[in-house]
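See below for the structure under consideration.
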Amino acid sequence: MEDWLPFRDAFLSLIDRNKNLADVDKLRYLKGSLQKDALNVVGDIEITDANYSVAWEVLKSRFENKKLVASWKFHVLREVTWDQPAHAVNPEGLNLPKGVTLADPHFYEPGPIDLLIGREGYNDLLLGNILRLNSPKLLLQNTELGWIVSGQVSQGLTHSSLVLNVMTLNDQLSRFWELEGCYSPAMLSVEEAECEAAFVQTTSRDHEGRFVVALPTRTERLNQLGDSYEAASRRLQSLCRRLNIDSKLKQEYSKFLQEYLDLGHMEEIPSDRHDIGKTYYMPHHCVVRPDSLTTKLRVVFDASSSTDTGVSLNDALMVGPSVQDDLLSLLLRFRVPRFAILADIEKMYRQIWVKESDRPLQRILWKESADDRIRIYQLKTVTYGTACAPYLATRCLQ
86 MEDWLPFRDA
96 FLSLIDRNKN
106 LADVDKLRYL
116 KGSLQKDALN
126 VVGDIEITDA
136 NYSVAWEVLK
146 SRFENKKLVA
156 SWKFHVLREV
166 TWDQPAHAVN
176 PEGLNLPKGV
186 TLADPHFYEP
196 GPIDLLIGRE
206 GYNDLLLGNI
216 LRLNSPKLLL
226 QNTELGWIVS
236 GQVSQGLTHS
246 SLVLNVMTLN
256 DQLSRFWELE
266 GCYSPAMLSV
276 EEAECEAAFV
286 QTTSRDHEGR
296 FVVALPTRTE
306 RLNQLGDSYE
316 AASRRLQSLC
326 RRLNIDSKLK
336 QEYSKFLQEY
346 LDLGHMEEIP
356 SDRHDIGKTY
366 YMPHHCVVRP
376 DSLTTKLRVV
386 FDASSSTDTG
396 VSLNDALMVG
406 PSVQDDLLSL
416 LLRFRVPRFA
426 ILADIEKMYR
436 QIWVKESDRP
446 LQRILWKESA
456 DDRIRIYQLK
466 TVTYGTACAP
476 YLATRCLQ
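Counting from 1, position 214 in the sequence shown corresponds to residue 299 in our numbering; the numbering is continuous, with no gaps.
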């Protein structure tokens, strides 16, 4: 019925709201005004006072075509529950009104449940119209998805119980390997569970597909974080004296930090910009690994350096759970295939961005020479030396 909305508005104005007309007369006018599909929908409904509201609701559910917009989260399961209903029901004895659009036209046949909606979502679906059928325990409820049939049906069934343990060969083999396997999921502590939840809720990807993570902080300890600039400044002076003795080491150190800057993994902060919110300045030093295939010299940032309150950044960070397999599982799995491939991810931590709001916790001090002024830089990626770095990097890989 393409012109349903104009017809509905006109009929409500002229007939439905006319207090001088009884419902039975309104139903006569309604059926006399309908044609084709609309008349077929309510044509078999008996003309009585009670059936006027029934006919009107049937027409509305058929032709108004409301669209439900909802945002729900679902768990995907292999099976929701067993088939419903438990037994087939004879629909002819239910005396359902003709023309009613059912949410499940085959509700009387046992079948799998595709979707289980919780009470909070179910309430959003209800339209408030209820029709009681012949049985006092059976009714029709109008919803955004169509009419649903609910209640108790007596079919004279004999109840019996049978308990079976049925397992396919595939399930038996799967069960066997689970029992023989050396890996079992670890139970998470309260803090580890909080860390995992924070990762799931705050992690995103940028336009290039790179992960953007938040530092998992302990709020109470973070609030106790004090001043760290002076300690970082003293450590920088000590580092400069060491580098001045070894010119080649100084050159490699400067090259490493310059690459950090060129790749956009850190940014310079103007010295006249006042600190806003919590900030932390990490001292740093170098580790030389001549046998490394990727990075011979690596600058390590010391997030365990205490501030003037005795609290360090690592004290305020959650370490996170161990998300990779234990060493025994790795060794056993390594021995199974004939060939194994080893790989090293270059700049693994620095492939992951840290949220901009958390970057002030990753500041460093640096100067090229003894005569140069101290410059402030802010690291933009997951940083080697922070307590949560291994967890964040490995969790992103998964």
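Ideal Cβ positions, reconstructed from N, Cα and C, are used throughout, including at glycine. This structure is a prediction, so every number in the text was calculated from the model and none was measured.
Given residue i, which residues of its chain have a CB within under 6 Å of its CB, disregarding the five upstream and five downstream residues?
i      : result
Asp199 : none
Ile459 : Leu450, Lys452
Arg435 : His350, Thr466
Pro176 : Tyr193
Cys280 : Pro301, Met403, Gly405
Could you tell me the distance, in whole angstroms, from the CA atom of residue i to the CA atom of residue j?
i      : j      : result
Arg326 : Ser318 : 13 Å
Leu162 : Leu201 : 11 Å
Gly231 : Asp209 : 13 Å
Gln322 : Arg295 : 36 Å
Glu131 : Lys111 : 13 Å
Asp88  : Asp443 : 57 Å
Ala316 : Phe159 : 50 Å
Ser332 : Ser339 : 10 Å
Asn255 : His172 : 29 Å
Ser98  : Ala140 : 17 Å
Leu115 : Asp189 : 28 Å
Gly470 : Glu293 : 26 Å
Tyr366 : Gln336 : 23 Å
Ala428 : Leu477 : 19 Å
Leu402 : Ile330 : 35 Å
Lys222 : Ala123 : 30 Å
Phe148 : Asn308 : 59 Å
Pro91  : Asp129 : 24 Å
His191 : Gly203 : 22 Å
Asp411 : Gln483 : 15 Å
Asn227 : Cys473 : 52 Å
Glu229 : Ser118 : 26 Å
Ala455 : Gln343 : 17 Å
Val421 : Asp400 : 41 Å
Arg195 : Lys145 : The sequence shown places Pro at residue 195, rather than the Arg named in the question. When rounded, the distance between both Cα atoms is 29 Å.
Asp376 : Leu382 : 10 Å
Ser245 : Asp168 : Residue placement at Ser245 cannot be trusted, given a pLDDT of 49 that sits under 50; what the coordinates show is reported in the next sentence. So the alpha carbons of these two residues sit roughly 17 Å apart.
Ser390 : Arg423 : 46 Å
Among residues of its own chain, excluding the 5 on either side of residue i, which ones have a beta-carbon nearer than 7 Å to its beta-carbon?
i      : result
Val143 : Val126, Val127, Pro182, Gly184, Val185
Asp312 : Thr392, Asp393
Trp157 : Gly206
Asp134 : Ala107, Asp108, Val109
Leu224 : Ile215, Leu216, Arg217, Leu218, Ser235, Gly236
Met351 : Tyr345, Tyr462, Gln463, Leu464, Lys465
His58  : There is simply no residue 58 to check, as the chain begins at 86 and stops at 483 in what is shown.
Glu277 : Gly405, Pro406
Ser356 : Ile461
Phe419 : Ala425
In terms of residues, what are the limits of the beta strand (DSSP E) holding residue i?
i      : result
Phe386 : 382-386
Ser235 : 231-236
Lys448 : With the sequence shown as reference, residue 448 is identified as Arg, and Lys is not the correct amino acid for it. That run of the beta strand (DSSP E) goes 448-451.
Glu352 : 351-354
Phe296 : 296-298
Cys371 : 369-373
Thr228 : 223-228
Can you give the beta carbon distance from residue i to residue j, rounded, assuming they're within the 8 Å contact cut?
i      : j      : result
Leu450 : Ile437 : That pair is no contact at about 24 Å.
Leu273 : Pro475 : Actually they do not touch by this definition, with Cβ atoms about 16 Å apart.
Pro445 : Gly362 : 6 Å
Arg306 : Val396 : 6 Å
Val408 : Arg480 : 5 Å
Whose C-beta lies closer than 8 Å to the C-beta of residue i among residues of the same chain, with five residues either side of it excluded?
i      : result
Val165 : Pro197, Ile198, Asp199, Leu200, Leu201
Lys440 : Thr287, Val297, Val298, Ala299, Leu300
Leu328 : Leu334, Lys335, Tyr338
Starting from residue i, trace the alpha helix (DSSP H) both ways and give me its first and last residue.
i      : result
Glu205 : 204-210
Phe284 : 275-287
Asn136 : 134-148
Asn103 : Unbroken run through Asn103: none, as it is neither H nor E.
Cys325 : 314-330
Arg460 : Unbroken run through Arg460 is the beta strand (DSSP E), 460-464; no alpha helix (DSSP H).
Pro176 : Run containing Pro176: none; DSSP gives neither H nor E here.
Gly311 : Run containing Gly311: none; DSSP gives neither H nor E here.
Gly470 : No alpha helix (DSSP H) holds Gly470; DSSP gives it neither H nor E.
Ser98  : Segment: none, Ser98 is in no alpha helix (DSSP H) and carries neither H nor E.
Okay, do the stretch 276-286 and the stretch 298-313 touch, 3+ Cβ pairs below 8 Å being the bar? yes
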